[in-house]
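Peer 1:
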Amino acid sequence: MGYTIGIYLAAGSSSRMGRNKLALPLFNTTLGSVALKVALQSNLDEVLIVKRAEDHLEWVDSSCEGQFQSVTCCDAPLGQAHSIVTGIKAAITRGADAVMIMLADQPFLRMHHLNAMMEAAIKERVQYIGTNVEGRTQPPLLFSKEVFPDLMKLEGDVGARRLLPMLTGMSLNINESSEAYDIDTEEEYTWLISQQSIP
C-alpha cells in the first residue's frame with residue numbers, strides 16, 4: 149500500500165460533552181492521547197492531528213511530542229467533512245499512498261487492529277478497509293490514494309462512510325465492540341473512568 153498516513157480527527161466541538169473531551173483525564177493521560185499513542189505505536193508511517201484553530205494541543209501527552217504533525221482546520225465548525233478534507237490535503241502534500249481516518253475519542257482502539265487493516269489493504273488491493281462493528285462499518289477507515297479525489301469533495305457534517313457504497317472494499321472484525329466505542333457525553337465519560345484500565 150505504500151506510505152500510509154494516519155489522519156487523527158481532533159477538531160470536533162465536543163458539543164455534547166460541553167467541554168473539551170480530549171483534555172479529560174483518563175488512565176494516567178488524557179482521553180485524546182490514548183488512541184493517539186496507539187496510532188504512533190502502529191505501523192503507520194506518519195500521524196497528522198487535524199485540530200481547531202484555537203486548539204494548542206495542551207491535551208497531548210508529553211510522551212507523544214515530536215512524533216506527530218498537526219494541521220489546522222479553519223472550517224472545523226462547519227462539520228467533520230472539512231476536517232477530513234484538511235487532512236487529505238496535508239496527506240497529499242506529504243506523498244501519501246493511503247490514509248487511515250481515525251477519531252480522537254476512541255480510547256479502546258488496539259494497535260493490532262490498525263496493523264491488521266494495513267496488512268489487509270496490501271493483500272486485498274481494495275479501495276478501502278473499514279472496521280466492522282456488529283454489521284456496521286465505521287472508523288477507523290483506511291483509504292487508498294485513488295479515493296482521495298472523492299474524499300476531497302465531502303461537505304458539511306458527514307463522514308467518509310458516505311462514500312463506501314460506491315467503493316470496493318471490506319471491513320475487518322474487531323475482537324470486542326468496545327474497541328470502536330467513542331466517548332461523546334458526560335455519562336459515557338463517567339462510565340469510562342470507572343474502568344480500571346483499557347479492556
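Residue numbers (the numbering used here): 149 to 347. Glycine residues also receive a C-beta, built at the ideal position from the N, C-alpha and C atoms.
1. So what does N321 bridge to, in DSSP terms?
2. If you drop the 5 nearest sequence neighbours on each side, which residues of the same chain put their C-beta closer than 8 Å to that of S119?
3. Should I331 go down as buried or exposed, given a rule of 16 or more other Cβ atoms within 10 Å for buried?
4. Just verifying my parser: in three-state terms, what is the DSSP assignment at L257?
5. Count the other CB atoms within 10 Å of the CB of K271; is the residue buried (16 or more) or exposed (fewer)?
6. Measuring CB to CB, does S211 end up less than 9 Å from L262?
7. Identify the residues that DSSP records as bridge partners of Y156: which are they?
8. As a quick exercise: from M300, I249, H230 and T177, pick the residue whose alpha carbon is nearest that of L341.
9. If we ignore side chains and look at the alpha-carbon of each, how far apart do S292 and R167 end up?
10. Run through DSSP, which three-state label would T220 get?
11. To which residues of the same chain is F296 closer than 7 Å at the C-beta, ignoring the five residues directly before and after it?
12. Alpha carbons only, please: which of L157, S161, E202 and L174 is nearest the one belonging to W339?
13. When the distance is taken between beta carbons, is A158 closer than 9 Å to A252?
Peer 2: Here's the rundown:
1. Partner(s): N280.
2. Absent from the structure is residue 119, since the part of the chain shown begins at 149 and ends at 347.
3. I331 should be labelled buried.
4. L257 falls in the coil class under three-state DSSP.
5. Label assigned to K271: exposed.
6. Not closer than 9 Å, so no.
7. Assignment of beta-bridge partners to Y156 by DSSP yields I197 and M250.
8. Checking the sequence, you will find Ile at residue 341 rather than Leu. When C-alpha distances from I341 are compared across M300, I249, H230 and T177, the shortest belongs to T177.
9. Distance between the alpha carbons of S292 and R167: 34 Å.
10. Three-state result, T220: strand.
11. Residues I236 and I240 of the same chain have their beta carbon placed closer than 7 Å to that of F296, with the five preceding and five following residues left out of the count.
12. The option with the nearest alpha carbon to W339 is L174.
13. In this structure, the beta-carbon distance from A252 to A158 falls below 9 Å.
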